[in-house]
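Going by my numbering, the final residue of the sequence shown carries number 326, and the count climbs one at a time with no gaps. Note sheet for the following structure.
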Amino acid sequence: MKSPEELKLLYKNELKPQLAQMEGQRKYIKKWRGLGIFAAVLVFLTYHYGESFVSGTLVIVLLVILAIAGIFCGLKAYIRYQDYKKVFKAEVVAKIVRLINPDYSYNPSAHISERVYSQSGIFPKKPDRCNGDDLITGKIDKTPFEFSELKTEEKSETRDDDGSKRTEWNTIFRGIFFVADFNKHLGEQTFVVPQNDKFTTNLFGRERKKTHRFGELIKLENPEFEKIFSVYGSSQQEARYILTPTMMEAIVNIYRHLGVKMYFSFVGNNVYCAIPMHKNMFEPKIGKEGIKYEDVEEMFLLFGMIETIVTEMNLNTRIWTKDYAV
């Protein structure tokens with residue numbers, strides 16, 4: 001992975017001039033988005049308080065005009081934003097990927113498949129909708145990997161008192177989803193989840209019954225590891241085979257280095273890692289005045305996080321050796 005100094009040179013010589021050229025588009029989008037929001041606020045105020053000042057007929061006319069104006073402004077902002085985002089990913093994100101490793105492949109419109117997500121077995125609910133973007137694939141040493149931003153949701157339908165149906169979409173997972181090749185085919189499944197996680201414990205910190213879908217709770221001889229993670233699996237023997245002292249130390253090092261919640265699973269030929277995040281890491285920010293170096297650095301550090309996962313395991317366990325495509 002390249003150094004921060006090389007990233008600064010890339011930002012100064014290539015990214016900053018490109019972003020300066022795009023600044024006019026950003027301001028255009030911000031202006032029309034702001035007008036759309038303003039129109040929406042006026043619709044709300046007119047609907048609730050308009051009849052206190054003007055006749056009912058005039059309120060309806062005003063609502064129609066304001067609604068049309070709001071939709072018009074919103075569409076202008078949305079259409080231009082799609083073009084702006086496309087250029088941003090081609091001229092900024094793609095260049096950061098090439099800086100890190102020119103052999104990595106970057107597809108801004110693709111994502112980890114629902115099949116791969118489900119194969120991990122990390123999250124219990126089958127998603128009704130799976131979206132994402134910014135798929136990056138490549139190899140670190142001999143380890144093939146892929147990761148992307150991913151959001152999975154389940155649909156719930158309820159009926160109001162008047163019998164009308166209401167559909168809601170509830171997020172199951174949102175963040176970075178990563179998969180890499182493991183050196184052996186595993187006959188059993190092993191899961192490493194954060195301590196006191198909502199999927200495995202209730203409000204009182206006690207294990208949920210549905211946690212048993214992961215298998216039995218497995219106790220290991222590493223107090224520091226077990227302060228951070230719980231391990232479940234269908235085989236005590238295989239879990240201990242995978243989670244050697246050096247592997248547990250590697251996972252703790254990754255957690256200490258990154259400081260984020262992580263879920264791991266070892267299933268079949270692969271190791272999976274889900275990292276919850278509540279923002280889009282590779283999207284341009286419209287509200288801020290331009291894209292600062294800190295924004296670019298944040299993306300750069302995310303790639304470093306992925307390399308850290310593989311490198312730590314490689315350096316500590318030497319298990320990442322099989323030349324196999326994910």
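Beta carbons: idealized from backbone N, C-alpha and C, even for Gly. This one's a predicted model, so the numbers in the text were calculated from it and none came from an experiment.
Under the three-state reduction of DSSP, which class applies to Ser118: helix, strand or coil?
Three-state result, Ser118: helix.
Once DSSP output is grouped into helix, strand and coil, what is the label at Phe204?
Residue placement at Phe204 cannot be trusted, given a pLDDT of 42 that sits under 50; the coordinates are not used to answer.
Using the beta-carbon count (16 or more within 10 Å), is Pro127 buried or exposed?
Answer is buried; the Cβ neighbour count reaches 16.
Which whole-angstrom value is the C-beta distance of Ile136 and Val97, which I expect to be below 8 Å?
So it is a contact: roughly 6 Å between Cβ atoms.
What are the uninterrupted segments assigned as beta strand (DSSP E) that are 3 or more residues long and contained completely in the stretch 31-65, given in chain order?
Listed in chain order, nothing qualifies, since the stretch 31-65 has no complete beta strand (DSSP E) run of 3 or more residues.
Let me know if Ala20 comes out buried or exposed under the rule of 16 or more other beta-carbons within 10 Å of its beta-carbon.
Label assigned to Ala20: exposed.
For Met281, tell me which candidate among Thr190, Asn270, Glu298 and Phe266 has the shortest Cα-Cα distance.
Here the closest residue by C-alpha is Glu298.
Would you tell me roughly how many angstroms separate the C-alpha atoms of Lys76 and Trp32, rounded to the nearest one?
Roughly 7 Å separates the two Cα atoms.
State whether the stretch 179-194 contacts the stretch 260-275, with contact taken as three or more CB pairs (one from each stretch) at a distance under 8 Å.
Taking 8 Å as the limit for Cβ pairs, the verdict is that the stretch 260-275 does touch the stretch 179-194.
With a threshold of 7 Å between beta-carbons, can Asn170 be considered close to chain C, or not?
No chain C is present in this structure, which holds just one protein chain.
Does the beta-carbon of Gly36 have 16 or more other beta-carbons within 10 angstroms, so that it is buried, or is it exposed?
Flag for Gly36 reads buried.
Just reading off the alpha helix (DSSP H) that Thr158 is part of, what are its end residues?
Here Thr158 belongs to no alpha helix (DSSP H); instead the beta strand (DSSP E) covers Thr143 to Arg159.
Could you work out which residue in Phe53, Ile65, Ser148 and Met22 is closest to Lys86 when comparing CA atoms only?
The option with the nearest alpha carbon to Lys86 is Met22.
Per the DSSP calculation, Leu9 is bridged to which residue(s)?
Leu9 pairs with nothing; no bridge assigned.
Can you tell me which of Phe147, Thr143 and Cys73 puts its alpha carbon nearest to the alpha carbon of Ser109?
Closest by alpha carbon: Phe147.
Tell me, which residues are paired with Leu217 by DSSP?
Note: Leu217 sits in a beta bridge opposite Tyr232.
Apart from the five residues just before and just after Gly205, which ones in its own chain have a Cβ nearer than 7 Å to its Cβ?
Confidence is the limiting factor: at Gly205 the pLDDT is only 46, short of 50, which leaves the residue's position unreliable, though a coordinate-based value still follows. Within the same chain, Gly205 has close Cβ partners Asn196.
Taking 7 Å as the threshold (C-beta atoms), are Ala94 and Phe145 in contact?
No. Outside cutoff.
Suppose only complete runs of 3+ residues qualify. What are the beta strand (DSSP E) ranges in the stretch 266-315, listed by chain order?
If we require 3 residues or more, the stretch 266-315 turns out to have no beta strand (DSSP E) run fully inside it.
How is the alpha helix (DSSP H) around Tyr255 delimited, first residue to last?
First-last of the alpha helix (DSSP H) with Tyr255: Pro245 to Leu258.
How close, in whole Å, do the beta carbons of Ile172 and Met277 come, if the pair is a contact with beta carbons under 8 Å?
That pair is no contact at about 14 Å.
Taking DSSP as the reference, what is the three-state secondary structure of Tyr261?
In the sequence under discussion, the amino acid at residue 261 is Lys, which differs from the Tyr named in the question. In this structure, Lys261 counts as coil in the three-state DSSP scheme.
Distance check for Leu150 and Arg129, CA to CA, integer angstroms please.
About 11 Å.
Taking the C-alpha atoms as reference points, what is the distance between Thr152 and Asn170?
Using only the alpha carbons, I get a separation of about 9 Å.
Taking 8 Å as the cut-off, does the stretch 213-222 touch the stretch 296-310 (at least 3 CB pairs, one atom from each stretch)?
Because the criterion of three Cβ pairs below 8 Å is not met, the stretch 296-310 and the stretch 213-222 do not touch.
Rounded to a whole number of angstroms, what is the C-alpha to C-alpha distance between Glu249 and Ile228?
Spanning the two alpha carbons is a distance of roughly 12 Å.
Please classify Tyr49: is it buried, with 16 or more other beta-carbons within 10 angstroms of its beta-carbon, or exposed?
Classification of Tyr49: exposed, given that the 10 Å Cβ count is below 16.
Near Ile242, what residues of its chain come up, given a Cβ to Cβ distance below 8 Å and the 5 sequence neighbours on each side ignored?
So the list reads Leu186, Thr190 and Phe266, once near-sequence residues are dropped.
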